[in-house]
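Asker: One structure, as structure tokens, below. Some questions next.
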Amino acid sequence: MTRVREQLGLSERRACKAIRQPRSSQRYQSKPRSDEPRLVKRMLQLVRRRPRFGYRRVAALLRSEGFGASESRILRLWRKEGLKVPGKKRKRRRLGLAENGCDRRRAAHRNHVWTWDFVFDKTTGGSQLKWLSIIDEHTRECLALKCDRSITSEDVIDTLAELFAMHGVPEHIRSDNGSEFTAKAIRRWLGQLGVGTLYIEPASPWQNGYAESFHSRLRDEFLAVEEFESLAAARKLTAAWREDYNHHRPHGSLGYLTPAQFAARCPASAPKAASATPQQPSPLQQGSGFTQPVPS
């Protein structure tokens, strides 16, 4: 308004009277909060450390550190600093209809369904690295992230035995039809412990969505930004990332709690009200502990 007033040759008093605006509004200058420089500095540090995080997740981290960081305030500072998370290209896939898919049989409590899968990368020298991930689908907690040159069915059994001793035995384990998971030794050992196996349809990774989602974060936030000079270095970095993922990284689907915080609030067994068995279960459902959802 100042430029227009000067062009018309009006005084400030007359211009404000004409548009019914207080004169004080023309002299007001915004004053940043005293903690804003420190807040912006810390925000930029978090963005450099976690370049795939958006402003909501960064705001949750700042609040956990004691900053007065509402999402609207962080969004204002985020835009002021010109920050932006590049969007990811997503492929459209049809919804799988297999009975064992995560869309049909959802985990209802901690230790209800675990999921496992493999992901691969290489060292700077070109040697192959292989990771075995085991996730609790309900809490999203990464129970194991084993890194090695190769992982056999015997290695899988050893890893599971350690986890069963630490966390208890799950009711079901979901996986694809890889040779490591369908090996007779693993199926026989899990059967002796009463653990059900949920094998998804071949070439249907969306049916194991929790494992795929975790591997997307793993590759985007860890494998794509780290170089591994050796197997020992890869194992050390993997252990640090898993610790950060479980105990420090806020998870959007858990209300921005970390998986460890969410797991601490969850019971390890099924609620009594949810233990009813479905009417006329199919042979695939018998003994599974799941109920078939009604199609909408």
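Under the UniProt record's numbering, the letters of the sequence shown match residues 1 to 296, in that order.
All C-beta atoms, glycine included, are put in the ideal place defined by N, C-alpha and C.
These figures come from a predicted structure and were not determined experimentally.
(1) Nearest-angstrom Cα distance between residue 173 and residue 125?
(2) Could you check the C-alpha separation between residue 49 and residue 61 for me, to the nearest Å?
(3) Tell me where the alpha helix (DSSP H) around residue 118 begins and ends.
(4) As a quick exercise: from 13, 222, 15 and 257, pick the residue whose alpha carbon is nearest that of residue 329.
(5) Consult DSSP for residue 139 and reduce its assignment to one of helix, strand or coil.
(6) Which partner residues does residue 175 have in the DSSP bridge list?
(7) If you draw a straight line from the alpha carbon of residue 67 to that of residue 39, how long is it in whole angstroms?
(8) Counting along the chain, where does the alpha helix (DSSP H) carrying residue 262 start and finish?
(9) Here's the rule: buried if 16 or more other CB atoms are within 10 angstroms of the residue's CB, otherwise exposed. What is residue 218?
(10) My understanding is that residue 122 touches residue 132, with C-beta atoms under 8 Å, so please give their C-beta distance in whole angstroms.
(11) Within 10 Å of its beta-carbon, does residue 215 have 16 or more other beta-carbons around it, so buried, or fewer, so exposed?
(12) If the criterion is Cβ atoms closer than 8 Å, does the pair residue 110 and residue 232 meet it?
(13) Which of the three DSSP states is assigned to residue 144 in this structure?
(14) Whole angstroms are fine: how far does the CA of residue 202 sit from the CA of residue 127?
(15) Have a look at 187, 108 and 175 and flag the residue whose alpha-carbon is nearest the alpha-carbon of residue 206.
(16) Over what stretch of residues does the alpha helix (DSSP H) that includes residue 238 continue unbroken?
(17) Taking 6 Å as the limit between beta carbons, can you name the residues of its chain near residue 57, skipping five residues before and five after?
(18) In whole angstroms, give me the CA-to-CA distance for residue 55 and residue 169.
(19) Return the chain-ordered list of same chain residues with a C-beta closer than 8 Å to the C-beta of residue 266, the five sequence neighbours on each side being excluded.
Answerer: The answer reads as follows:
(1) Position 173 of the sequence shown, counting from 1, holds the residue named residue 173. Position 125 of the sequence shown, counting from 1, holds the residue named residue 125. Their Cα atoms are separated by approximately 35 Å.
(2) Counted from its first residue, the sequence shown places residue 49 at position 49. Counted from its first residue, the sequence shown places residue 61 at position 61. Computed Cα separation, rounded: 12 Å.
(3) For this step, residue 118 is matched to residue 118 along the sequence shown. Here residue 118 belongs to no alpha helix (DSSP H); instead the beta strand (DSSP E) covers 113-122.
(4) Residue 329 cannot be examined here, being either before or after the span of the chain that is shown, 1 to 296.
(5) Position 139 of the sequence shown, counting from 1, holds the residue named residue 139. Three-state DSSP puts residue 139 in coil, outside helix and strand.
(6) If you number the sequence shown from 1, residue 175 lands on position 175. DSSP, once it has assigned bridges, lists 199 as partnering residue 175.
(7) Working through the sequence shown from its first residue, we reach residue 67 at position 67. Working through the sequence shown from its first residue, we reach residue 39 at position 39. The alpha-carbon atoms of residue 67 and residue 39 are separated by roughly 7 Å.
(8) Taking the first residue of the sequence shown as position 1, residue 262 is located at position 262. Its alpha helix (DSSP H) spans residues 259-264.
(9) As a first step, residue 218 is located in the sequence shown; it is residue number 218 there, counting from the start. Answer is buried; the Cβ neighbour count reaches 16.
(10) In the sequence shown, counting from the first residue as 1, residue 122 sits at position 122. In the sequence shown, counting from the first residue as 1, residue 132 sits at position 132. Actually they are not in contact, since the Cβ atoms of residue 122 and residue 132 sit about 17 Å apart, beyond 8 Å.
(11) What you label residue 215 is simply residue 215 of the sequence shown in a count that begins at 1. Per the 10 Å Cβ criterion, buried.
(12) The residue you call residue 110 lines up with position 110 of the sequence shown. The residue you call residue 232 lines up with position 232 of the sequence shown. The answer is no: Cβ separation not under 8 Å.
(13) Counted from its first residue, the sequence shown places residue 144 at position 144. Strand, per DSSP.
(14) Locating residue 127 in the sequence shown gives position 127, counting from the first residue. Locating residue 202 in the sequence shown gives position 202, counting from the first residue. Using only the alpha carbons, I get a separation of about 28 Å.
(15) Position 206 of the sequence shown holds residue 206. The shortest Cα separation from residue 206 among 187, 108 and 175 belongs to 175.
(16) Your numbering for residue 238 matches position 238 in the sequence shown. From DSSP, the alpha helix (DSSP H) with residue 238 extends over 231-247.
(17) Numbered from 1 along the sequence shown, position 57 holds the residue referred to as residue 57. Excluding sequence neighbours, residue 57 sits near 250.
(18) As a working mapping, residue 55 is identified with position 55 in the sequence shown. As a working mapping, residue 169 is identified with position 169 in the sequence shown. Their backbone Cα atoms lie some 38 Å apart in a straight line.
(19) What you label residue 266 is simply residue 266 of the sequence shown in a count that begins at 1. Taken in chain order, the residues that qualify are 109, 110, 138 and 139.
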